[in-house]
Structure formats: C-alpha cells, structure tokens
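Have a look at the structure below before the remarks.
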Amino acid sequence: MIWINFKRIVKSGFINFWRNGLVSLASVLAIAVSLYVIGGLMVSSAFLNGVVAEVKNKVDISVSFKPETAVDDITAVKKSLSLLPDVKKVVYVSREDEYKSFRERHQDNALLLQSLDEVGNPFGARLNITAIDPNRYESIVYFLENDNQSLSVNRDIIDQVSFKRDIVSRLNKIIGIVKRIGLVASTVLICLAVFATFNTISLAIYTSREEVSVMRLVGAGNIYVKGPFLIEGIISGFLGTLVALFFLYPSVAWIKNVSYNAFGGVDLLSYLSGNFASIFLTLLVSGVGLGFMASYLAVRKYASL
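Quick note, the sequence shown lines up with residues 1 to 305 if you use the UniProt record's numbering.
Structure representation (structure tokens):
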C-alpha cells in the first residue's frame, strides 16, 4: 500500500512537471547553470592547486659566483649545501655552459654576440639549488647570506643569490581572489535557481488549486497533497544535474590542451575523469537539494492552498 501511494505521488510529480512545460524548463536551466559553475569551481580548484604545485617545483635558488672564482671553492660550497637537511639537490653549471647558453638565447642578436666575442666570457659559474619542500627555501637563503660558520669558503666569491620568493605567495593571493569571486557568483546563481524553481512550483500549485481543493475535501493527507510538488522540485534538480554535466565535460575537454600546454602536468580532463563519481555525487546532491528546498519553500508558503 505504501509503495502504491509512493508511486502515485511520484507519477503526479512527473505530470505536474510536464504540465508546466517551459516554466519547468526554465527551472531546470537555472539549476543547471548553478551546478555548472559549481562543477567548474571544483575542477578549476584542482587546476589552480596544480598550477601552484608546478610553480613550486620550478622555483629554486640560483647562486652566481664571480668569474674568477676557483672551481674548488665552488665545489666546497656545493658540498656544504648538499649536507643541509633542507636541500634536495644541487646542480653545478660551469662558466662555459653559462656562456654557451647565453649565446644560444641571443643567437639572433649579432651586435651583442660580437661584443661578447670582444670581451670574452664574462660569466661566472652557478649553482642551482632545489629544496625538499618549497617552504624550506628561506632557511637555505639564510645559510648562504648569514651562516658564516657553516660555509667553508669566503662569502665574497658569491656574486648574487637569486630567489623569486614572492612568486608563490602572489599566485596564492590571485587564486584566493579567483575562488572568492567564484563563490560569490555561485551564491548568486544558486539564489536565482531557488527563485526560479520556487516560482515553478508556485505556478504548479496555483494551476492545480481546484484539484488540491477536492483532495482536501475527501480528506487526503498533507503527504498526498504536497508530495507531488516536492517530487517536481526534485525532478528539476536531477535534470539540472544531468544538463550541467553534459556541458561541463566537453568544456573541460575543450580547454584541456590549453591548460596542459601552459602548465605542463595539469590535466583537467584526467582529473575530471578520475574524480567523476565524487563530482557527480556532489552535483547531484546539490541539484536535488536545491530543487527540494525551493519546492518545500513554495509548498510551505502556499500550505493553505
């Protein structure tokens, strides 16, 4: 008996949804747009986190030495750095390699290359230092600039210590701003989706007022009167989820190549495919929740019918 009554309520909900036609479609689209933005935020969040990780992996410390510095002294500095617990690896770049690399980068500048031939090799050797963790770079810089006891050579041989310490922090700030903007946009769209679904259910209640009045007269309970309208809201949320996913997947596939080429290693499509179940479940719960909440508010407001 309970199952039969439940099927009747669900059937009535589908009938109401179909009866309202374009209004129901507007409700579905409003929810779909909201969920599309939410899904986009989930994927973009992974993308932005991946970008930060890539940037952190590429950030290193470059120690340039004066041209006259002996190789043995540079080797001693490299050995001292390698003994630090915060250092992952130290790569030695010779004067000759620096000179060759510079010429290759400026091979189209004949005047510059001619000047370089006249003065000879003005470059010193260099050490590129990678930390075991991006947060450990500060301690390495401190060692190079201030730790006189541990550094086994005269610090005057070091020409410059380069460390772009602000890149990651600035990138994190930009990401924070983007996420806040996305959150505000999602909130606005969610409110619009609730409003659209609320109006759809309100219209359904109004067009069914005579039918509802008859049900009241014959003693039908609230669940039989209000249930179909709640089901209608759930249907809008479910279909909105499917529409959002239908457009989200090709959108991510479309921008995949751009993001992958610009930020090697950050593959949005692979992330979406690997986390499809959790993303689908999140959007489904959100969509059905939005539809149910909007229909509940409409039914509650017009409870007297």
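Note that beta-carbon positions come from the ideal geometry of N, C-alpha and C, so glycine has one too.
Who are the Cβ neighbours of residue i in its own chain at under 6 Å, not counting the five residues just before and after it?
| i | result |
| --- | --- |
| Lys-89 | Thr-130 |
| Leu-144 | Val-161 |
| Phe-17 | Ser-24, Glu-232, Ile-235 |
| Val-93 | Arg-126 |
| Ala-193 | Ala-30, Ile-31, Ser-34, Leu-290 |
| Ser-82 | Val-90 |
| Ser-12 | Pro-228 |
| Arg-136 | Asp-86 |
Within 10 angstroms of the Cβ of residue i, are there 16 or more other Cβ atoms? Answer buried if so, exposed if not.
| i | result |
| --- | --- |
| Thr-207 | exposed |
| Asp-60 | buried |
| Ala-244 | buried |
| Val-87 | buried |
| Leu-290 | buried |
| Asn-49 | exposed |
| Ser-27 | buried |
| Phe-246 | exposed |
| Ala-30 | buried |
| residue 318 | The structure shown does not extend to residue 318, since the chain is modelled only from 1 to 305, so the question has no answer here. |
| Val-288 | buried |
| Gly-274 | exposed |
Report all residues from its chain with a CB closer than 7 Å to the CB of residue i; omit the five preceding and five following residues, and keep chain order.
| i | result |
| --- | --- |
| Gly-124 | Ser-64, Phe-65, Lys-66, Pro-67, Thr-69, Arg-95, Asp-159 |
| Ala-32 | Gly-240, Val-243, Ala-244 |
| Leu-189 | Val-33, Ser-34, Val-37 |
| Leu-84 | Ile-140, Phe-143 |
| Ala-185 | Val-37 |
| His-106 | Leu-112, Leu-113 |
| Asn-20 | Thr-200, Leu-203, Ala-204 |
| Ser-295 | Thr-197, Ile-201, Phe-229, Leu-230, Glu-232, Gly-233 |
Report the three-state DSSP secondary structure of residue i (helix, strand or coil).
| i | result |
| --- | --- |
| Lys-11 | helix |
| Val-127 | A quick correction: the sequence has Leu, not Val, at residue 127. Strand. |
| Ser-251 | helix |
| Gln-160 | strand |
| Asn-154 | coil |
| Gly-233 | helix |
| Gly-21 | coil |
| Asn-275 | coil |
Pull up the CB-CB distance for residue i and residue j, whole angstroms please, since I reckon it's below 8 Å.
| i | j | result |
| --- | --- | --- |
| Leu-248 | Tyr-36 | 6 Å |
| Ile-175 | Val-52 | 7 Å |
| Ile-157 | Asp-73 | 5 Å |
| Ile-201 | Val-299 | 7 Å |
| Asn-121 | Ser-62 | About 18 Å; that fails the 8 Å criterion. |
| Ser-45 | Lys-179 | 7 Å |
Can you give me the Cβ contacts of residue i inside the same chain, cut-off strictly under 8 Å, excluding the 5 residues immediately before and after it?
| i | result |
| --- | --- |
| Val-43 | Leu-248, Val-252, Leu-268, Tyr-271, Leu-272, Ile-279 |
| Leu-183 | Leu-41 |
| Leu-283 | Leu-35, Ile-38, Gly-39, Thr-241, Ala-244, Leu-245 |
| Arg-103 | Leu-113, Leu-116 |
| Phe-238 | Leu-284, Gly-287, Val-288, Gly-291 |
Looking at the ligand FAD, does it come within less than 8 Å of residue i, judged from the CB to the closest heavy atom?
| i | result |
| --- | --- |
| Ile-158 | This structure does not include the ligand FAD; it has no bound ligands of any sort. |
Subject >> Contained beta strand (DSSP E) runs [length at least 3] in the UniProt domain "FtsX extracellular" (59 to 145), N- to C-terminal order >> reply: Secondary structure within the UniProt domain "FtsX extracellular" (59 to 145): the beta strand (DSSP E) runs of 3 or more consecutive residues, fully enclosed, are 61 to 65, 87 to 93, 126 to 131 (chain order).
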